[in-house]
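A short worksheet on the structure shown next.
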Amino acid sequence: MATTARERTNIVELVVLMFEAAPGTSYLSQAVAIYEASGRNLQGLANILDDTAIYQSLNASGQTLCEFTRELIGPLGLQNDTAAIDFIASRWVAGESKGQIAYEALQVLNSFEPS
């Protein structure tokens, strides 16, 4: 079964959130292949992507909670939003992976209706 337009949009949104850049054709194709190989699971894709060398170079293992928070939500203009900061901090303290936190953040962002 081919990946739907909605699934591709979800993949692009996840990649943009995690890497602060839209994937080009080559990287999008790779992300779609990983998504399909992981059982069409966006959460699985996030957890695989956070193990890549590129992601690790952007979000090194020694990164602090403040640094990760700034990297994840700063581009969204949420760096001073206490709810967003608390959301990330609670998951960080619980030991969730950075990919898992990004996936959950995307789910929350997508749950809001545009005003």
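Here the sequence shown is numbered in my numbering, starting from 18 and rising by one per residue. Note that the Cβ used here is the ideal one computed from N, Cα and C, for glycine as well.
Own chain partners of Trp109 with C-beta closer than 6 Å, once the 5 adjacent residues on each side are dropped: Leu82
Alpha-carbon to alpha-carbon, Asn64 and Gln47: 15 Å
Coarse secondary structure for Leu95, derived from DSSP in three states: coil
Contacting residues, own chain, Cβ-Cβ under 8 Å from Tyr44 (five flanking each side not counted): Val32
Where the alpha helix (DSSP H) through Gln47 begins and ends: First-last of the alpha helix (DSSP H) with Gln47: Thr42 to Ala54.
Outcome for Asn76 when other beta-carbon atoms lying within 10 angstroms are tallied against a minimum of 16: The residue is buried, with at least 16 neighbouring Cβ atoms inside 10 Å.
Between the CA atoms of Ser107 and Thr99 - distance to the nearest angstrom: 12 Å
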